[in-house]
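Asks: Would you mind keeping the following structure in view while I ask a few things?
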Amino acid sequence: MRHKLIQDYLFRAEKRIKMLEFLKNEQDYADVVREAQEVVELLLKALIMSVGLEIPKVHDVSGYIGKHLEFFPEVIKKNFEKIRYISRELRKERELAFYGAYDWIPGEEYTLEEAERAINWAKELLELVKETIHILSPFPKTK
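Residue numbers (the numbering used here): 54 to 196.
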């Protein structure tokens, strides 16, 4: 059952990355950043499940991964600082990108460059997580 849930997370992450491109093309950069955070969260939670750990109920799970790094393969250990940076950066933007503030209108503040960076981060982590799950699992590689 765990394998099915992991595959579902990967499937939904891949679909959401396609949605990020659509939002970018619509110049909805704030929602690109917001949704990219959810993609990264899904991917990292799939990664946590793939090593048999329980998923914490937080949006930025990088600290949890760091505390349990011994459970993860070398590729994750080698890329952990990047994983933590991406997860934390997107987590910081999560509510602001969605709700904004009186002096921070999301649709006016986020740029194409920020949207592209968020998309690239999501794509980078998708490939890293898929590679790691393939290392850990006897199941065929996902498409």
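All C-beta atoms in this analysis are idealised placements derived from N, C-alpha and C, irrespective of residue type, glycine included.
Taking its Cβ as the centre, do 16 or more other Cβ atoms sit within 10 Å of Ala66, making it buried, or is it exposed?
Replies: Walking along the sequence shown from the start, residue 66 turns up at place 13. Buried, since its Cβ has 16 or more Cβ neighbours within 10 Å.
Asks: If contacts are defined as beta-carbon pairs under 8 Å, then Thr185 and Leu100 qualify, I think. What distance do you get, rounded to the angstrom?
Replies: Reading the sequence shown from its first residue, position 132 is the one you call residue 185. Reading the sequence shown from its first residue, position 47 is the one you call residue 100. That pair is a contact at about 6 Å.
Asks: Check whether the Cβ atoms of Glu88 and Met72 sit closer than 9 Å, and answer yes or no.
Replies: Taking the sequence shown and counting its residues from 1, one reaches residue 88 at position 35. Taking the sequence shown and counting its residues from 1, one reaches residue 72 at position 19. For Glu88 and Met72, yes; Cβs fall inside 9 Å.
Asks: How close, in whole Å, do the beta carbons of Ala171 and Val114 come, if the pair is a contact with beta carbons under 8 Å?
Replies: Here the question's residue 171 lines up with position 118 in the sequence shown. Here the question's residue 114 lines up with position 61 in the sequence shown. Incorrect: roughly 17 Å between the Cβ atoms, too far for contact.
Asks: For my contact list, Ala83 and Ala175 are in at a C-beta cut-off of 8 Å; report their separation, rounded to the angstrom.
Replies: As a working mapping, residue 83 is identified with position 30 in the sequence shown. As a working mapping, residue 175 is identified with position 122 in the sequence shown. Not a contact, Cβ separation roughly 15 Å.
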